[in-house]
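To start, the structure under review is shown below, and the notes come after it.
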Amino acid sequence: MKELGYLNKYFVKYKYRFLMGILFTIIAQIFSLFTPKLIKKSFDAIEKFSSDKSVSNSIIQGELVNNILLIIGTTIIAGFLTFLMRQTLIVMSRHVEFDLKNEVFKQYENLSQNFYKKNRTGDLMNRISEDVSKVRMYVGPAVMYTINTLIRFTIVITYMYNVSPRLTLYTLLPLPLLSYAIFKLSSEINKRSTTFQQYLSKVSSFSQEIFSGVRVIKAYSLEDQHQANMVDLAQESKSKSLDLARVQSLFGPFMMALIGISNLVVIYFGGLMYIDGTIQSIGTIAEFILYVNMLTWPVASLGWVSSMVQEAEASQKRLNEFLKIVPEITNKNTEHSTVEGAIVFDKVTYTYEDTNITALEDISFSIKKGETLAILGKTGSGKSTILSLISRLYDVTEGIITVDNREISSLNLYDLRNNIGIVPQDAFLFSDSIKNNIKFGKEDATDEEVIAAAKNAVVHNNIKGFKNQYDTVLGERGITLSGGQKQRVSIARAIIKNPPILLFDDCLSAVDTETEEAILNNLFEVCKDKTTIIVSHRVSSAKNADKIIILDGGKIIQQGSHNQLINEDGYYASLYLKQLSEKELL
1 MKELGYLNKY FVKYKYRFLM GILFTIIAQI FSLFTPKLIK KSFDAIEKFS SDKSVSNSII
61 QGELVNNILL IIGTTIIAGF LTFLMRQTLI VMSRHVEFDL KNEVFKQYEN LSQNFYKKNR
121 TGDLMNRISE DVSKVRMYVG PAVMYTINTL IRFTIVITYM YNVSPRLTLY TLLPLPLLSY
181 AIFKLSSEIN KRSTTFQQYL SKVSSFSQEI FSGVRVIKAY SLEDQHQANM VDLAQESKSK
241 SLDLARVQSL FGPFMMALIG ISNLVVIYFG GLMYIDGTIQ SIGTIAEFIL YVNMLTWPVA
301 SLGWVSSMVQ EAEASQKRLN EFLKIVPEIT NKNTEHSTVE GAIVFDKVTY TYEDTNITAL
361 EDISFSIKKG ETLAILGKTG SGKSTILSLI SRLYDVTEGI ITVDNREISS LNLYDLRNNI
421 GIVPQDAFLF SDSIKNNIKF GKEDATDEEV IAAAKNAVVH NNIKGFKNQY DTVLGERGIT
481 LSGGQKQRVS IARAIIKNPP ILLFDDCLSA VDTETEEAIL NNLFEVCKDK TTIIVSHRVS
541 SAKNADKIII LDGGKIIQQG SHNQLINEDG YYASLYLKQL SEKELL
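For the sequence shown, full-length UniProt numbering assigns the number 1 to the initial residue and increments by one for each residue that follows.
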């Protein structure tokens with residue numbers, strides 16, 4: 001139960017619903033206890049009529065009818081109160097489920113990039129859906145039936161003891177065996193439930209990867225192989241599920257057998273006690289049988305509740321694994337921060353935690369507000385890492401980054417990111433309309449602003465060629481569009497935001513040189529008063545920049561303007577001559 005202690009804050013939050021549910025439960029149990037008493041009175045009346053012929057038939061009939069009406073009335077009231085109990089406690093669990101899913105989702109958003117490198121998407125999806133649902137079953141039905149059972153046991157056993165302490169003792173004899181069985185079975189359920197949830201996450205992760213990479217699978221004709229892998233994984237998951245089900249299936253029959261034994265005990269010992277005169281009325285035996293049967297569902301539900309608690313414990317443990325993680329990137333300043341765009345890297349070094357690879361080493365450069373910096377270099381030289389550090393997706397290992405003469409970590413994180421427009425190397429689009437994908441950068445943008453941004457990104461004519469134009473709904477990750485079109489929509493999404501800082505991470509790699517030239521000319525106008533950093537493999541994307549730096553192995557090996565760099569031996573000049581000759585050949 002230690003892991004489930006995390007949920008106590010929700011019981012405090014919804015304490016009024018919780019307390020009202022307990023109150024309804026208590027009152028409902030009190031009304032339900034009228035039935036055994038009225039049954040006993042009916043048996044006593046019949047017994048009295050049989051032994052005392054002076055009692056008139058009409059009096060007995062009147063008493064029986066009165067008892068029947070009271071039984072019906074109290075049963076209806078108990079049923080209505082039980083309905084109110086469910087309305088308070090079960091509805092409370094739905095509120096907790098809503099809050100917990102939001103908390104999990106918010107934590108997903110706050111966790112750093114390193115977390116997502118270590119965890120698979122399918123597993124994360126399984127936790128926010130399956131695991132949260134298991135936890136809800138604990139907060140709702142498990143808690144409700146536990147409260148119901150405790151209150152019913154307390155009240156019923158108190159009534160039974162007042163009627164006959166000795167017969168009560170005989171009736172409760174099977175309970176120690178029941179408690180031991182529950183303990184053993186619950187421990188086994190906990191272990192098997194944890195294993196099953198882990199395999200369920202594996203199936204979700206495998207399925208998600210297959211669906212995302214289905215084009216590659218079809219291209220390589222590997223459908224049969226992955227189908228076989230899926231069958232093997234599903235078979236293992238089924239096996240773990242059946243292992244869990246086998247243990248869970250023991251609860252029902254075992255509980256009902258014990259209840260049946262309790263009934264036999266009541267009839268046998270109650271009969272002996274009636275014969276020897278220890279109890280005076282046959283109605284007492286009938287009353288005790290009803291009490292035992294009133295305990296049937298609570299006792300039988302102990303197994304189900306125990307199973308739910310164990311499954312919830314396993315699920316909450318999986319949730320706690322990351323809910324208790326303190327995000328590496330945190331907002332250290334809650335006050336508003338203005339961002340204009342002057343950026344300085346001072347002896348910055350960054351090493352990736354997961355691979356221990358030093359991507360940047362002793363990097364120093366500065367960009368004034370409104371200047372354009374181009375970064376070139378071979379693959380893996382650290383170009384994209386610089387952009388990630390500027391947007392604080394990572395924090396530096398050594399050195400200092402300042403924005404407008406303030407250390408970057410001292411700025412309000414959300415203000416910093418809101419003032420940056422970034423086009424990532426891997427253009428990601430949502431399964432939404434093209435218009436909404438562009439407006440993602442500015443939700444209140446007008447249609448005119450959307451069209452203007454698309455024109456600047458040289459994608460307007462492509463969009464107009466679609467049947468539904470800007471209302472065209474894209475497939476997952478923008479699969480409807482070509483690589484170049486996705487990049488240009490991403491550019492439109494960044495520039496419509498009109499931020500003081502624009503970061504372009506090799507975002508023209510999938511367009512032809514003619515389109516690239518048109519986009520660069522438009523960007524020159526759009527970005528003339530903005531701090532702009534362009535990462536590229538092409539000299540054509542860098543030549544108009546105010547400054548150019550060349551990276552190799554995480555270090556700056558050249559820096560200067562286009563005219564300076566083409567006149568000195570080195571990487572830039574050789575790349576310029578190579579790309580110039582390729583262009584002439586075309």
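By construction, the Cβ of each residue, glycine as well, lies at the ideal position given by its N, Cα and C atoms.
Treat the numbers as computed from the prediction; the structure is a model and nothing was measured.
About 7 Å separates the beta carbons of residue 533 and residue 387, which is inside the 8 Å limit, making them a contact pair.
By the neighbour-count criterion, in which a residue is buried when 16 or more other Cβ atoms sit within 10 angstroms of its Cβ, residue 253 is exposed. When rounded, the separation of the alpha-carbon atoms in residue 235 and residue 247 is 19 Å.
Residue environment for residue 197: buried (at least 16 other C-beta atoms within 10 angstroms of its C-beta).
Cβ contact annotation for residue 399 (same chain, cutoff 6 Å, sequence separation greater than five): 346, 347, 348 and 349, in chain order. In this structure, residue 401 lies near residue 389, with their beta-carbon atoms less than 8 Å apart. Counting the other Cβ atoms within 10 Å of the Cβ of residue 316 gives 16 or more, which makes it buried. Relative to residue 429, the option among 579, 161 and 441 whose CA is nearest is 441.
Residue pairing for residue 374: DSSP places it in a beta bridge opposite 534 and 548. In this structure, the CA atom of residue 110 is about 19 Å from the CA atom of residue 422.
Between residue 333 and residue 97, the alpha-carbon positions lie close to 31 Å from each other. Here DSSP, grouped into helix, strand and coil, assigns residue 14 to coil. Unbroken alpha helix (DSSP H) stretches of 4 residues or longer found wholly inside the segment 129 to 154: 132 to 137, given in chain order. Ranking 157, 466, 525 and 138 by CA distance to the CA of residue 29 puts 157 first. For residue 542, the number of other beta carbons within 10 angstroms of its own is at least 16, and it is reported as buried. Per the Cβ contact rule, the segment 355 to 369 is in contact with the segment 335 to 345 (3 or more Cβ pairs under 8 Å).
With a cut-off of 8 Å on Cβ pairs, the segment 118 to 134 is in contact with the segment 199 to 216, counting three or more such pairs. Under the three-state reduction of DSSP output, residue 571 falls in the helix class.
In this structure residue 82 is not in contact with residue 35, their Cβ atoms being roughly 14 Å apart against a cut-off of 8 Å.
C-alpha of residue 523 to C-alpha of residue 456: approximately 7 Å in a straight line.
Excluding five sequence positions before and after residue 328, the CB atoms of its chain that fall closer than 6 Å to its own CB belong to 112, given in chain order. Residue 294 is a Cβ neighbour of residue 32, given a cutoff of 8 Å.
Listed in chain order, the non-local C-beta contacts of residue 385 below 7 Å within the same chain comprise 350, 359 and 360, local neighbours out to five positions each way being set aside. In the three-state reduction of the DSSP assignment, residue 271 falls in the helix class, which pools H, G and I.
Beta-bridge partners assigned by DSSP to residue 558: 550. Excluding five sequence positions before and after residue 195, the CB atoms of its chain that fall closer than 6 Å to its own CB belong to 240, given in chain order. Of the other Cβ atoms in all chains shown, 16 or more fall within 10 Å of the Cβ of residue 313; this residue is therefore buried. With respect to the 8 Å criterion, residue 391 and residue 554 are not classified as neighbours on the basis of their beta carbons.
When DSSP reads this structure, residue 350 sits in a beta bridge with 360.
Residue 340 places its beta carbon 8 Å or farther from that of residue 546.
Taking a cut-off of 8 Å for Cβ pairs, the segment 554 to 568 and the segment 492 to 503 do not touch, as fewer than three such pairs fall below it. The C-beta separation of residue 552 from residue 576 comes to about 16 Å, leaving the pair out of contact by the 8 Å criterion. Sequence-distant partners of residue 480 (beyond 5 residues in either direction) whose C-beta falls short of 6 Å from its own C-beta, in its chain, are 474. For the options 17, 488, 548 and 502, the alpha carbon positioned closest to that of residue 519 is the one of 488. As the crow flies, the alpha-carbon of residue 143 is around 20 Å from that of residue 319. Ranked by how close their Cα comes to the Cα of residue 482, the residues 509, 289, 104 and 282 have 509 in first place.
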